[in-house]
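Reminder that position 46 of the sequence shown reads as 46 in the UniProt record's numbering, one-by-one numbering, no gaps.
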Amino acid sequence: METIQEVTKLIKPHNWLTSIDLSDAFLHIPVHSASRRFLRFHWNHQTYQFTTTPFGLSLVPWLFTKITKPILEWAREQNIRLSAYLDDWILIADSQFEAQQQTNRVVRKLQSLGWIINSKKSTLISTQTLEHLGYSLDANTMTAQLLGKKIRDIRRSIKQILKNPIQSARTIYSLTMRI
């Protein structure tokens with residue numbers, strides 16, 4: 001998984017950006033039939049079993065990253081600057097035309113592999129300012145600003161830590177990775 005710090009290193013002045021959001025990405029990964037019994041739950045006198053990877057299973061982000069790695073490698077072999085953080089992808093190009101062409105190629109490739117693009121959350125028309133991973137990226141001014149929602153989430157987490165200063169290393173790490 002690539003972080004916002006890595007994404008900002010890929011952006012050069014006056015680049016063009018697009019974003020691709022994969023719809024229900026984790027639900028596209030099937031679970032082997034022998035392992036499905038570990039993903040059962042009972043509700044309302046009924047037993048249910050996941051046939052695809054559910055949200056909340058700790059190994060799914062790792063697995064998802066492994067599964068999508070060949071797509072990213074394909075894009076980079078095509079000289080497409082593409083970065084992915086789970087289901088949130090960003091494409092960076094030198095010109096508006098190049099960004100549009102490359103975005104269309106990546107979208108076609110993803111769809112040919114069975115992925116569904118969430119067009120409402122994606123920005124498929126190239127732009128020089130784009131929201132990605134809770135930041136507003138501006139290729140003209142070369143800035144990345146935290147969005148209001150992300151600031152509120154970070155403030156809320158800090159307040160919780162201040163109320164109870166004894167926290168697990170995981171909680172502190174989680175907060176620092178969001179800053």
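Note that the Cβ used here is the ideal one computed from N, Cα and C, for glycine as well. Please read these numbers as outputs of a predicted model, since none were measured by experiment.
Please work out which residues of its chain come closer than 7 Å, Cβ to Cβ, to residue i, disregarding the five sequence neighbours upstream and downstream, and give them in chain order.
i	result
S122	S19, I20, D21
V106	I20, A75, I80, L82, L91
V7	S83, I90, H132
For residue i, count neighbouring Cβ atoms within 10 angstroms of its own Cβ and tell me buried if that reaches 16, exposed if not.
i	result
F38	exposed
L91	buried
Q46	exposed
E73	exposed
E2	buried
A99	buried
T103	buried
T53	buried
For residue i, list the residues DSSP reports as bridge partners.
i	result
F41	Y48
A93	W16
S83	I90
P30	T52
I161	For I161, which the question treats as bridged, DSSP gives no partner whatsoever.
I117	L22
Only counting the same chain, and skipping five residues up and downstream in sequence, which positions put a Cβ closer than 8 Å to that of residue i?
i	result
Q96	W16, S126
I11	L17, I92, L137, A139, M142
K150	G134, Y135, R178
R152	none
I158	L175
In terms of residues, what are the limits of the alpha helix (DSSP H) holding residue i?
i	result
R36	Looking at the DSSP string, R36 is not in any alpha helix (DSSP H), and its letter there is neither H nor E.
W74	60–77
Q128	Element bounds for Q128: n/a, residue is neither H nor E.
T8	4–10
T53	Where T53 is concerned, there is no enclosing alpha helix (DSSP H), given that its DSSP letter is neither H nor E.
M177	169–178
The beta strand (DSSP E) with residue i in it runs from where to where?
i	result
S23	Premise fails: S23 is in no beta strand (DSSP E) and is neither H nor E.
D138	135–138
Q145	143–146
Can you list, in chain order, the residues of its chain whose CB lies under 6 Å from that of residue i, leaving out five sequence neighbours each side?
i	result
T129	D138
I4	L133, Y135
F41	Y48
Given 8 Å, three or more beta-carbon pairs between the segment 25–38 and the segment 61–69: Yes: at least three Cβ pairs fall under 8 Å.
Three or more C-beta pairs below 8 Å linking the segment 125–135 and the segment 85–99: Per the Cβ contact rule, the segment 125–135 is in contact with the segment 85–99 (3 or more Cβ pairs under 8 Å).
At least 3 beta-carbon pairs within less than 8 Å: the segment 105–118 vs the segment 135–149: They do not touch, by the three-pair rule.
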